[in-house]
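*Asks:* If you scroll down you'll find the structure; I have some questions about it.
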């Protein structure tokens, strides 16, 4: 009954989306407010029905109704409650339902809070949202229905892949989807602007916060996924340039570019056409990511060819939306008015450079991901593109970008003074160089690249600090005045500086981890001591334990440094009986920003166990950086200017009424 | 396979056996040679895996390849000889860093080309805009615009 209700709710949502696709557009043509307002009610109703459908699937998973195929294949009655819930989106069908739920959520938010938008713009935006939604509802209902029943219900489910039974899974996919799908808003706004043939102030004011929201979630989602891979997969890697990772990185790169070009558009009314194009590209890359992941085309071209229904359907959606939106862009963009002149050396110019570097970086990732596929399909030439390629092509681009980052916010709008900014950044540059010298002397030779990269990271952080110091007049004015001015600084300025500093911090973490990571691989018997990076790790012993739906073997290590006993680490290996598979639960010991990392291998015949111990210096900075970036984004989002939007005359009048 | 999980957890359901990549018994006694082997392993693909180097992978094939690499190094091969040997055996597919060849030229040249192309396009657009901007600022209103302006102004005046 619940399954059928969920299925039916989804069909109703499709019907609503179809109405929302056409009626508001017709209304806008006829200038009929009633028809245009249909979009608002249907968007809200859609949210209601998709929400109901999603809750139905969650309920089915929680009550372990194994007569539903999706629950049978991905759940188990003994699974802890939290993983019963998160397992909903730990599979293809459920994750697509989450995708459309989030799409409906964003549509609903525009409908609910878009009262200050021009009526026809809102109608068009919601109609475009409904086009996307209809396509994906159809995709789910036709090829990936999560509510299908099994004729003879089994007693027990097949359990969720153990690797996915982790708190990381609870948070990572929803975050990522909030990011991916969040970019649909700027896409819809872009298409609406193209249909209407004009971009006004309301457009820019709306697009930036929505892009920012999506970007914050995507940043956190990617960082979370990376940390989760790091501790769960058991060999300490945190980024692999895997196609699936690239699928999330590409929208992030394009989205970051969009965020910056939207800034120019909002402040200076320039780069309009480019901002529209980036909005289209960013969401297109989100769709491409969905296609790459969902169709299985990455795993192998042949797997895709063998079961092409899903892949071909998404490919069709992809072609329709990307092709359609780009054609519309080509047709309409020339007629959009360009505004805001600026000199090449100016804040706008710096943001253009940012956009150039980010889009090229994005293109490199796109090419690296698709090139082997294209070569295999077109020329039957099998090749691989892996981490070494990206290290050589992507990293230099980002290095260039990072050198430019401190300059951007300090240049003036319209016409900047590069020499003056360089002088003001001198202290930051010197700080960077001093760090290069110290690190180089300390590591005594070795690669010169690592100290340089760390110096660059320091330069970026110090540059962000310099920007804030300049604006508050710190060191120039009395401290109290500076403090006062710091409070008066727009929050978006703080947000921008923090986000830029986050980049530098992440860079320092990446360089330290990759350059000075120490590793110890050996078989150990109880009472053996491993020495890694000045720490002594003694294997106390092994023991077996029973968990809710697994058995685990735990090794206990006593960690000490010199004579101080520090802590006990307990890495384990879990065997999941239902799927007959196992996971490695690495043990982590955090010391400052550095971590000790132990993961277990197999037990040998004579009772020894294979272990891998790593010392990862400054590794946590890799994730503190993105967290700081996201925090900067949140600060910027809370800026009064963005929250207030257009004034509301009605309320202002009420406030003026005299008290009784 | 495990890498795929790394990226988007929710999406793929493959059982991932969790053992380690480089096993203790594989390690060469000479640390310099072992370091070379590790370096090479990171650039070689485990062909049955999802975009994973043989250094990371725990598949039996990856282990065989790791042992093969060490065998060749022990036999006195240089790094490029080892790579050539593996490419001769398994094809270009085994290289995670594609060689610069006819088929891969576009891939390698993409970033410099795009960067240069983007730079030229921006320069050109800036020049064009600077010209039209300078011209636009000087050009007086057309008679049409004059008329519209007058109409607007008078409209404004009457409504007050």
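Protein chains in written order, with my numbering: chain F, 1 to 660; chain A, 1001 to 1160. Backbone N, C-alpha and C fix where the C-beta goes; we use that ideal spot for every residue, glycine too. Small disclaimer: the values here were computed from a predicted structure and weren't measured.
Quick check on DSSP: helix, strand or coil for residue 75 of chain F?
*Replies:* Coil, per DSSP.
*Asks:* DSSP state of residue 1166 of chain A, grouped into three classes?
*Replies:* What the structure shows of chain A is the stretch from 1001 to 1160, and residue 1166 of chain A is not part of that stretch, so it cannot be assessed.
*Asks:* What does residue 1063 of chain A reach in chain F if we use C-beta pairs closer than 9 Å?
*Replies:* The premise fails here: residue 1063 of chain A is roughly 12 Å from chain F at the closest Cβ pair, so nothing lies under 9 Å.
*Asks:* Just grab the DSSP bridge partners of residue 615 of chain F for me.
*Replies:* Beta-bridge pairing links residue 615 of chain F to F/518 and F/596.
*Asks:* Can you find a C-beta in chain F that's less than 7 Å from the C-beta of residue 1092 of chain A?
*Replies:* So yes, residue 1092 of chain A belongs to the interface.
*Asks:* Suppose contacts are defined by Cβ-Cβ distances below 7 Å. Is residue 456 of chain F in contact with residue 628 of chain F by that definition?
*Replies:* No; because the gap between Cβ atoms is not below 7 Å, this pair is not in contact.
*Asks:* Using C-beta distances below 7 Å, list every residue in its chain close to residue 338 of chain F, excluding the 5 sequence neighbours before and after it, in chain order.
*Replies:* So the qualifying residues of the chain are 272 and 273.
*Asks:* Spatial neighbours of residue 88 of chain F within its chain, please: CB distance less than 6 Å, with the 5 preceding and 5 following residues excluded, ordered by chain position.
*Replies:* Same-chain partners within the cutoff: 57, 58, 61 and 94.
*Asks:* Between residue 395 of chain F and residue 431 of chain F, is the Cβ-Cβ spacing less than 7 Å?
*Replies:* Contact: no.
*Asks:* Taking 8 Å as the limit between beta carbons, can you name the residues of its chain near residue 44 of chain F, skipping five residues before and five after?
*Replies:* Taken in chain order, the residues that qualify are 108, 111 and 112.
*Asks:* With a threshold of 8 Å, are at least 3 pairs of Cβ atoms found where one atom belongs to the stretch 339 to 350 of chain F and the other to the stretch 412 to 425 of chain F?
*Replies:* The stretch 339 to 350 of chain F, when compared against the stretch 412 to 425 of chain F, does touch it at the 8 Å Cβ threshold.
*Asks:* Mapping DSSP to helix, strand and coil, what is residue 524 of chain F?
*Replies:* Strand, per DSSP.
*Asks:* Indicate whether residue 290 of chain F and residue 251 of chain F have their beta-carbon atoms separated by less than 7 Å.
*Replies:* Not a contact, by the Cβ cut-off of 7 Å.
*Asks:* Residue 609 of chain F by DSSP, collapsed to three states: which one?
*Replies:* Residue state, collapsed to three classes: strand.
*Asks:* Determine whether the Cβ of residue 383 of chain F lies closer than 7 Å to any Cβ atom of chain A.
*Replies:* Yes, residue 383 of chain F lies at the interface with chain A (some Cβ there is under 7 Å from its Cβ).
*Asks:* Can you find a C-beta in chain A that's less than 7 Å from the C-beta of residue 182 of chain F?
*Replies:* Judged by the 7 Å Cβ criterion, residue 182 of chain F is not in contact with chain A.
*Asks:* In whole angstroms, give me the CA-to-CA distance for residue 666 of chain F and residue 521 of chain F.
*Replies:* Coverage of chain F is limited to positions 1 through 660, which leaves residue 666 of chain F absent and any answer about it impossible.
*Asks:* Name the residue from F/17, F/471 and F/625 whose alpha carbon lies nearest to the alpha carbon of residue 132 of chain F.
*Replies:* Answer by Cα proximity: F/17.
*Asks:* Counting only the same chain and skipping the five closest in sequence on each side, list residues whose C-beta sits under 7 Å from that of residue 1124 of chain A.
*Replies:* Once the five neighbours on either side are set aside, residue 1124 of chain A has no close Cβ partner at all.
*Asks:* Have a look at residue 1015 of chain A and residue 258 of chain F and give me their C-alpha separation to the nearest angstrom.
*Replies:* Note that residue 1015 of chain A has pLDDT 31, beneath the 50 cutoff, so the model's placement of it is unreliable and the number below is only indicative. Residue 1015 of chain A and residue 258 of chain F: Cα-Cα distance of roughly 38 Å.
*Asks:* What is the C-beta distance between residue 501 of chain F and residue 464 of chain F, in whole angstroms, given that I count them as a contact (C-beta under 8 Å)?
*Replies:* Yes, residue 501 of chain F and residue 464 of chain F are in contact; Cβ-Cβ is about 4 Å, under 8 Å.
*Asks:* Return the bridge partner residues of residue 589 of chain F from the DSSP annotation.
*Replies:* Residue 589 of chain F is bridged to F/596.
*Asks:* Could you spell out the range, first to last residue, of the beta strand (DSSP E) harbouring residue 541 of chain F?
*Replies:* Looking at the DSSP string, the run of the beta strand (DSSP E) that includes residue 541 of chain F is 535 to 546.
*Asks:* Could you tell me the distance, in whole angstroms, from the CA atom of residue 198 of chain F to the CA atom of residue 409 of chain F?
*Replies:* Cα to Cα, the separation comes out at about 29 Å.
*Asks:* Is there at least one Cβ from chain A nearer than 7 Å to residue 486 of chain F's Cβ?
*Replies:* So no, residue 486 of chain F is outside the interface.
*Asks:* Compare the beta carbon distance of residue 128 of chain F and residue 191 of chain F with 7 Å and say whether it is the shorter of the two.
*Replies:* For residue 128 of chain F and residue 191 of chain F, yes; Cβs fall inside 7 Å.
*Asks:* Could you work out which residues of chain F lie near residue 1104 of chain A, taking near to mean beta carbons separated by less than 7 Å?
*Replies:* Per Cβ cutoff of 7 Å: 383.
*Asks:* Please list the terminal residues of the continuous alpha helix (DSSP H) segment that includes residue 1039 of chain A.
*Replies:* Counting along the chain, the alpha helix (DSSP H) containing residue 1039 of chain A begins and ends at 1031 to 1041.
*Asks:* Among residues of its own chain, excluding the 5 on either side of residue 117 of chain F, which ones have a beta-carbon nearer than 7 Å to its beta-carbon?
*Replies:* Excluding sequence neighbours, residue 117 of chain F sits near 202 and 206.
*Asks:* If the cut-off is 8 Å on Cβ atoms, which residues from the stretch 1040 to 1066 of chain A count as contacting chain F, listed in chain order?
*Replies:* Within the stretch 1040 to 1066 of chain A, the residues whose Cβ lies closer than 8 Å to some Cβ of chain F are 1042, 1043, 1045, 1050, 1051, 1052, 1053 and 1056, listed in chain order.
*Asks:* The beta strand (DSSP E) with residue 84 of chain F in it runs from where to where?
*Replies:* Where residue 84 of chain F is concerned, there is no enclosing beta strand (DSSP E), although the alpha helix (DSSP H) it sits in stretches over 81 to 86.
*Asks:* Comparing C-alpha positions only, which one of F/10, F/24 and F/84 sits nearest to residue 48 of chain F?
*Replies:* The residue with the shortest Cα to Cα distance from residue 48 of chain F is F/10.
*Asks:* Can you find a CB in chain F that lies within less than 7 Å of the CB of residue 1150 of chain A?
*Replies:* Not closer than 7 Å to any Cβ of chain F, the Cβ of residue 1150 of chain A fails to qualify, so no.
*Asks:* Should residue 1118 of chain A be flagged as near chain F, meaning a C-beta pair shorter than 7 Å?
*Replies:* It does; some Cβ of chain F falls within 7 Å.
*Asks:* Please tell me whether residue 246 of chain F and residue 360 of chain F are closer than 7 Å, where the distance is taken between their beta carbons.
*Replies:* Their beta carbons are not under 7 Å apart, which means residue 246 of chain F does not touch residue 360 of chain F by this criterion.
*Asks:* So does the stretch 140 to 152 of chain F actually touch the stretch 60 to 79 of chain F, counting three or more Cβ pairs closer than 8 Å?
*Replies:* Touching, yes.
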